[in-house]
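Trainee:
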Amino acid sequence: MQILICVKQVPDDSIEIRLDKASNKPNLSGVSMVANAFDTYALELAVRFMEANGGIVSVLTVGAEDASNTLKNCLAVGAKEAYSVQDPLYADLDGLSAASVLAAAINKIEQDRGQKFDLILCGQESTDEITGQVGPMLAEKLGTSFVSRAIAVNLKDSALEVNQETEEGYNVVSIETPSVVTVSKPDYDPRYPTIKTKMASRKAVIPTYTAAEIGAEVQAKVRYNEYVEPPKKEAGIKILEKDVTLAVSAATEQMKKDKAI
Amino acid sequence: MKALLFIETKGEKVLGGSLELISAAKTLDAEITALVVGDRAAADTVAAFGAEVIFVDASKNCCDTLTEVLTKTVKEVNPDIVLLANTAFAKDMAPRLGARMNFGCVSDVVGISKADGKIVYTRPAYGGTILEKIEVEGTPVVTVRSGSFSKPEATSSASVTEKTVEISAEAIKAKIVDAVKEISESVNLEEAQVIVAGGRGMGSAENFELVKELASVLGGVVGATRPPIEDGWISRAHQVGQSGKIVAPKLYIACGISGATQHTSGITGADYIVAINKDEDAPIFEVANLAIVGDVTEILKGMIEEMKKIKAE
Numbered sequence: 001m002q003i004l005i006c007v008k009q010v011p012d013d014s015i016e017i018r019l020d021k022a023s024n025k026p027n028l029s030g031v032s033m034v035a036n037a038f039d040t041y042a043l044e045l046a047v048r049f050m051e052a053n054g055g056i057v058s059v060l061t062v063g064a065e066d067a068s069n070t071l072k073n074c075l076a077v078g079a080k081e082a083y084s085v086q087d088p089l090y091a092d093l094d095g096l097s098a099a100s101v102l103a104a105a106i107n108k109i110e111q112d113r114g115q116k117f118d119l120i121l122c123g124q125e126s127t128d129e130i131t132g133q134v135g136p137m138l139a140e141k142l143g144t145s146f147v148s149r150a151i152a153v154n155l156k157d158s159a160l161e162v163n164q165e166t167e168e169g170y171n172v173v174s175i176e177t178p179s180v181v182t183v184s185k186p187d188y189d190p191r192y193p194t195i196k197t198k199m200a201s202r203k204a205v206i207p208t209y210t211a212a213e214i215g216a217e218v219q220a221k222v223r224y225n226e227y228v229e230p231p232k233k234e235a236g237i238k239i240l241e242k243d244v245t246l247a248v249s250a251a252t253e254q255m256k257k258d259k260a261i
Numbered sequence: 001m002k003a004l005l006f007i008e009t010k011g012e013k014v015l016g017g018s019l020e021l022i023s024a025a026k027t028l029d030a031e032i033t034a035l036v037v038g039d040r041a042a043a044d045t046v047a048a049f050g051a052e053v054i055f056v057d058a059s060k061n062c063c064d065t066l067t068e069v070l071t072k073t074v075k076e077v078n079p080d081i082v083l084l085a086n087t088a089f090a091k092d093m094a095p096r097l098g099a100r101m102n103f104g105c106v107s108d109v110v111g112i113s114k115a116d117g118k119i120v121y122t123r124p125a126y127g128g129t130i131l132e133k134i135e136v137e138g139t140p141v142v143t144v145r146s147g148s149f150s151k152p153e154a155t156s157s158a159s160v161t162e163k164t165v166e167i168s169a170e171a172i173k174a175k176i177v178d179a180v181k182e183i184s185e186s187v188n189l190e191e192a193q194v195i196v197a198g199g200r201g202m203g204s205a206e207n208f209e210l211v212k213e214l215a216s217v218l219g220g221v222v223g224a225t226r227p228p229i230e231d232g233w234i235s236r237a238h239q240v241g242q243s244g245k246i247v248a249p250k251l252y253i254a255c256g257i258s259g260a261t262q263h264t265s266g267i268t269g270a271d272y273i274v275a276i277n278k279d280e281d282a283p284i285f286e287v288a289n290l291a292i293v294g295d296v297t298e299i300l301k302g303m304i305e306e307m308k309k310i311k312a313e
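Heads up: the sequence lines are chains Z and B, in that order.
Using the working numbering, read the first sequence as starting at 1 and increasing by one per residue.
Using the working numbering, read the second sequence as starting at 1 and increasing by one per residue.
Right, dumping it as structure tokens:
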């Protein structure tokens, strides 16, 4: 089975991002760019599938920034091939244009490697924009089947079955390949690289394509007009009373006053 | 301008978030057509709010079917804007519709305004620490966060038109072959007016019972952050936050919750937030209207007694 993970490079999501007042843009200075968390879950799911059923796991990123570090980190945790599409034309992609670029890149890569992908995985959403649009849009651009919120992918009589997370548990969804599947969080965490895999990944040569080579026209329809800070909440009232009974009565008095109860 | 609303239903009940779309469309002075799939009674409910309804009898649990029905309806109605409540289904359908029709897609919108004849959408990014103001060229597909608009008022009834949509076999590429139920309780956090939530600071499953008790006394719903869920104190049906539910209650009481962005981004819609934590510098206190610094177990025990007395009055 040929599996491809589409990886997005995003600011480290353990850091709180705030507005930079000078530029009126998100302040990303000093924040490292890493593989989107959900994409790392997708990669781990794919690598486990490959270890159980055979096949190859590849990773792909598209954009204007250099993503070679992120891609090498993916190679260090089980991906066998990495591809990059890097072009200044691809800065500020909206969901639709990102999906178009990915689709064109996938077509080009399949041509060059002489083999199509059976399963294309995306994290269900990225931690920066949190729209979750690219996965479903990519499925439409490629004309494949689509399932979201996967927590497991199983081979059943040479067809694929996806466990899709629901509010009450999960659906088992039978899909035709090729398929685009977005991945939620399975029960397990992504693995860590070993010193050996890390060193090997540093030496990897990653095919990099430009916009001209994959031939995707980009026309973003969604434009960011402005960034603003959410309305600041007025400083609340703090009760530091050590006596529990007094603290509780002060709290309930305040809540009554504020008509919260 | 013409707005097409996709109305989601559960059984015969119309989702609150879908009804709120009617108010959203009204702020744009749009002529409203609502699409209801599968539940005929729900179609009548929506028509009672003055929205012309198109009803299609088709399987509403199949994403491929719903996307096909929505796409064909959009092609027929030719709206200037498509609105959906931001639910799990919408997260799939809206972008798929966008890609099929080459429409820009804006997700998780919390505000819509008009400026210089253009429509501007406001939505949170980076977990809610930054708001984006967005414009879309051409017809947009917009998913709206629950609680961002008020419920509409019932006006004169509009009509329901039944339509049939042909779905070719090729359109169905993913089929649900089994639905496994692991959680039997049904928890409605999105529409709850009162939520009492517990985090890692509760310490144990036994202490977490106090959170449930206070919720019960106040007639509210129990919420939780990720750690209590991962430790098995409560099911993930109660998760509040970026990976769980986004809530907008009148009263939110956060017990032993530190206030990481992944959680607080889900509660900014609450009218009044009370936080109880032993750490005076816990980030949750930055978003709380009322902060109680102290031992959460002791405070909760006291608060449960106080609230019981108040309810008895």
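All C-beta atoms in this analysis are idealised placements derived from N, C-alpha and C, irrespective of residue type, glycine included.
Between which two residues does the beta strand (DSSP E) harbouring L160/Z extend?
Mentor: First-last of the beta strand (DSSP E) with L160/Z: A159 to E165.
Trainee: Could you round the C-beta distance between A42/B and V14/B to whole angstroms and report it? I think they count as a contact, below 8 Å.
Mentor: Yes, they are in contact, since the Cβ atoms of A42/B and V14/B sit about 5 Å apart, within 8 Å.
Trainee: Starting from the C-beta of A79/Z, find all residues in its chain whose C-beta is less than 6 Å away, skip the five residues before and the five after it, and write them out in chain order.
Mentor: Cβ within range, chain order: V57 and V59.
Trainee: Counting only Cβ pairs nearer than 8 Å, list the residues of chain Z close to M303/B.
Mentor: The contacting residues are V248, A251 and T252.
Trainee: Using beta carbons (cut-off 7 Å, strictly below), is L290/B in contact with chain Z?
Mentor: It does; some Cβ of chain Z falls within 7 Å.
Trainee: For T131/Z and L251/B, what's the separation of their Cα atoms in angstroms?
Mentor: About 28 Å.
Trainee: Tell me the DSSP secondary structure of P152/B in three-state form.
Mentor: Coil.
Trainee: Which residue marks the beginning of the beta strand (DSSP E) containing M1/Z, and which one marks its end?
Mentor: First-last for M1/Z: undefined, no H or E at that position.
Trainee: Any idea what DSSP makes of M50/Z, helix, strand or coil?
Mentor: Looking at M50/Z - three-state DSSP - the assignment turns out to be helix.
Trainee: Checking 7 Å against the spacing of the C-beta atoms, do R149/Z and S179/Z come in under that value?
Mentor: Taking 7 Å as the Cβ cut-off, R149/Z and S179/Z do not qualify as a contacting pair.
Trainee: So the beta strand (DSSP E) S84/Z belongs to, where does it begin and stop?
Mentor: It spans E81 to Q86 - the beta strand (DSSP E) in which S84/Z sits, taken as one unbroken run.
Trainee: Below 6 Å CB to CB, which residues in the same chain sit around I172/B once its five sequence neighbours on both sides are set aside?
Mentor: So the qualifying residues of the chain are D64.
Trainee: Evaluate the contact criterion for the region 114-122 of chain B versus the region 153-172 of chain B: three or more CB pairs, one atom per stretch, below 8 Å.
Mentor: No, because fewer than three Cβ pairs between the region 114-122 of chain B and the region 153-172 of chain B fall closer than 8 Å, the two stretches do not touch.
Trainee: By Cβ distance below 6 Å, which residues in the same chain neighbour A254/B in space, the five residues on each side in sequence not counted?
Mentor: Once the five neighbours on either side are set aside, the close Cβ partners of A254/B are A197, A275 and I284.
Trainee: Just list the residues that DSSP pairs T9/B with in beta bridges.
Mentor: DSSP, once it has assigned bridges, lists V14/B as partnering T9/B.
Trainee: Find out if the Cβ-Cβ distance for the pair V144/B, L189/B is shorter than 7 Å.
Mentor: For V144/B and L189/B, no; Cβs fall outside 7 Å.
Trainee: Measure from the C-beta of G215/Z to each C-beta in chain B and report whether the shortest distance is under 7 Å.
Mentor: No, no contact with chain B.
Trainee: In angstroms with no decimal places, state the Cα-to-Cα distance between E209/B and I273/B.
Mentor: If you take the alpha carbons of E209/B and I273/B, they lie about 20 Å apart.
Trainee: Output yes if chain Z places a C-beta closer than 7 Å to the C-beta of R200/B; else output no.
Mentor: Output row for R200/B: interface = no.
Trainee: When DSSP labels each residue in this structure, what does R223/Z get in the three-state scheme?
Mentor: Note: R223/Z maps to strand in three-state DSSP.
Trainee: Which residues of chain B have a Cβ atom closer than 8 Å to the Cβ of P230/Z, listed in chain order?
Mentor: P124, G128, T129, I130, L131 and T268, listed in chain order.
Trainee: In the DSSP assignment, find the unbroken alpha helix (DSSP H) run with I310/B in it and report its ends.
Mentor: That run of the alpha helix (DSSP H) goes V296 to A312.
Trainee: Taking C-beta pairs closer than 8 Å, name the residues in chain Z that T261/B reaches, listed in chain order.
Mentor: What T261/B touches in chain Z: E16.
Trainee: Taking the continuous beta strand (DSSP E) assigned at S148/Z, which residues delimit it?
Mentor: Per DSSP, S148/Z belongs to the beta strand (DSSP E) from S145 to K156.
Trainee: Within the chosen definition, does the region 102-113 of chain B reach the region 62-70 of chain Z through at least 3 CB pairs nearer than 8 Å?
Mentor: No, the region 102-113 of chain B does not touch the region 62-70 of chain Z.
Trainee: With burial defined as no fewer than 16 other Cβ atoms inside 10 Å of the residue's Cβ, what is the status of N154/Z: buried or exposed?
Mentor: Label assigned to N154/Z: exposed.
Trainee: When DSSP labels each residue in this structure, what does S23/B get in the three-state scheme?
Mentor: DSSP places S23/B in helix when its eight states are reduced to three.
Trainee: Pull out every residue of the region 203-234 of chain B whose Cβ sits closer than 9 Å to any Cβ of chain Z, in chain order.
Mentor: For the region 203-234 of chain B, which is checked against every Cβ of chain Z, the residues closer than 9 Å are L218.
Trainee: From K181/B to I5/Z, what does the alpha carbon distance come to, in whole angstroms?
Mentor: Roughly 29 Å between the two C-alpha positions.
Trainee: Cβ of P190/Z less than 7 Å from any chain B Cβ?
Mentor: Answer no: the Cβ-Cβ gap between P190/Z and chain B never drops below 7 Å.
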